[in-house]
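Participant:
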Amino acid sequence: MASIALGVSGAGLCNAEEVLAFSVLQYVMGTGSNVLWGNSNSPLAKSLSNIPEVGATAFNASYSDNGLFGILVTVPAEHAGEAVEGALSTLRSGSFSSESIARAKNQLKAAVLMSLESGDSFVSDMGLQALLTGTVKSAPVIAAAIDAVSVSDVTAVAKRTAAGKLSLAAIGNLKNVPYLDQLK
Numbered sequence: 052m053a054s055i056a057l058g059v060s061g062a063g064l065c066n067a068e069e070v071l072a073f074s075v076l077q078y079v080m081g082t083g084s085n086v087l088w089g090n091s092n093s094p095l096a097k098s099l100s101n102i103p104e105v106g107a108t109a110f111n112a113s114y115s116d117n118g119l120f121g122i123l124v125t126v127p128a129e130h131a132g133e134a135v136e137g138a139l140s141t142l143r144s145g146s147f148s149s150e151s152i153a154r155a156k157n158q159l160k161a162a163v164l165m166s167l168e169s170g171d172s173f174v175s176d177m178g179l180q181a182l183l184t185g186t187v188k189s190a191p192v193i194a195a196a197i198d199a200v201s202v203s204d205v206t207a208v209a210k211r212t213a214a215g216k217l218s219l220a221a222i223g224n225l226k227n228v229p230y231l232d233q234l235k
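Here the sequence shown is numbered in this note's numbering, starting from 52 and rising by one per residue.
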């Protein structure tokens, strides 16, 4: 098995609108199956559907002044090159329907709101917001901000992602993992 991460520069917490656009893009691309033994219907899953035993998810990590956006893939070693090419193609595609963006916004809102159901995580979230942004936003305000993300906002960060400088990290059996300079 090989685990591969492909990443580009994302958005820092200093730019809330871009953070939300990247978060929606993460859910558009795919965050894996949420159903045991189920398949995802995301662009990422579709691009890798012909590869056996592959797992893939988009990730988005935002820090105070910058972020990291990309795709994680775990695959049998003999299919690593094919999986990296498929994942990279999806990362660079940048073309998503308004329906897929609306679905992603609903999935993001559900994830955010469900994460706040526990008292511990709610207090932790409030502390992190205060520490990292200097303000604390309520769940309805966050949900409204997610709703305000437009198709053009997501398209803009997707285009930035497609044009961004790519980084690659891998672990496991790397025999068939391409070098960064071999990727098209």
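Glycine residues also receive a C-beta, built at the ideal position from the N, C-alpha and C atoms.
Using the rule of at least 16 other Cβ atoms within 10 Å of the residue's Cβ for burial, across every protein chain shown, is Asn157 buried or exposed?
Facilitator: Walking along the sequence shown from the start, residue 157 turns up at place 106. Exposed: under 16 other Cβ atoms inside 10 Å.
Participant: Suppose you measure from the CA of Leu167 to the CA of Asn101; what does that come to, to the nearest Å?
Facilitator: Here residue 167 refers to the residue found at position 116 when the sequence shown is read from its first residue. Here residue 101 refers to the residue found at position 50 when the sequence shown is read from its first residue. If I take the Cα positions, the gap works out to 37 Å.
Participant: Do the region 146-155 and the region 216-227 make contact, defined as three or more Cβ pairs closer than 8 Å?
Facilitator: No: the two stretches stay apart, fewer than three of their Cβ pairs being nearer than 8 Å.
Participant: Near Phe173, what residues of its chain come up, given a Cβ to Cβ distance below 6 Å and the 5 sequence neighbours on each side ignored?
Facilitator: What you label residue 173 is simply residue 122 of the sequence shown in a count that begins at 1. So the list reads Leu167, once near-sequence residues are dropped.
Participant: When the Cα of Gly63 is compared with those of Leu183, Ala128, Leu57 and Val124, which residue comes out closest?
Facilitator: Translated into positions along the sequence shown, residue 63 becomes position 12. Looking at the Cα atoms, Leu183 is the closest of the given residues.
Participant: Is it the case that the Cβ atoms of Ile55 and Val135 are separated by a distance below 8 Å?
Facilitator: Counted from its first residue, the sequence shown places residue 55 at position 4. Counted from its first residue, the sequence shown places residue 135 at position 84. Against a cut-off of 8 Å, the Cβ pair of Val135 and Ile55 comes out as a contact.
Participant: Note the first and the last residue of the continuous beta strand (DSSP E) segment covering Gly58.
Facilitator: Indexing the sequence shown from 1 puts residue 58 at position 7. Taken as a continuous stretch (DSSP letters only), the beta strand (DSSP E) holding Gly58 covers Ala53 to Ser60.
Participant: Using DSSP's beta-bridge definition, name the partner residues of Leu223.
Facilitator: Residue numbering aside, residue 223 sits at position 172 when the sequence shown is read from its first letter. The question names Leu, but residue 223 is Gly in the sequence shown. The partner list for Gly223 (beta bridge, DSSP) reads Ala53.
Participant: Would you tell me roughly how many angstroms separate the C-alpha atoms of Asn66 and Asn227, rounded to the nearest one?
Facilitator: For the purposes of this step, residue 66 is taken as the residue at position 15 of the sequence shown. For the purposes of this step, residue 227 is taken as the residue at position 176 of the sequence shown. Their backbone Cα atoms lie some 38 Å apart in a straight line.
Participant: Tell me whether Thr141 is buried or exposed, calling it buried when 16 or more other Cβ atoms sit within 10 Å of its Cβ.
Facilitator: Reading the sequence shown from its first residue, position 90 is the one you call residue 141. Buried: at least 16 other Cβ atoms inside 10 Å.
Participant: Please name the residue or residues paired with Val174 in a DSSP beta bridge.
Facilitator: In the sequence shown, counting from the first residue as 1, residue 174 sits at position 123. None; Val174 has no bridge partner.
Participant: For a test of the three-state rule: what should DSSP assign to Leu119, helix, strand or coil?
Facilitator: Taking the first residue of the sequence shown as position 1, residue 119 is located at position 68. Note: Leu119 maps to strand in three-state DSSP.
Participant: In terms of DSSP beta bridges, what is Ser113 paired with?
Facilitator: Counting from one through the sequence shown, the residue named residue 113 turns up at place 62. Ser113 is bridged to Gly118.
Participant: Pick from Pro191, Val192 and Met177: whose alpha carbon is nearest that of Gly185?
Facilitator: Counting from 1 along the sequence shown, the entry for residue 185 is found at position 134. Ranking the options by Cα distance to Gly185, first place goes to Met177.
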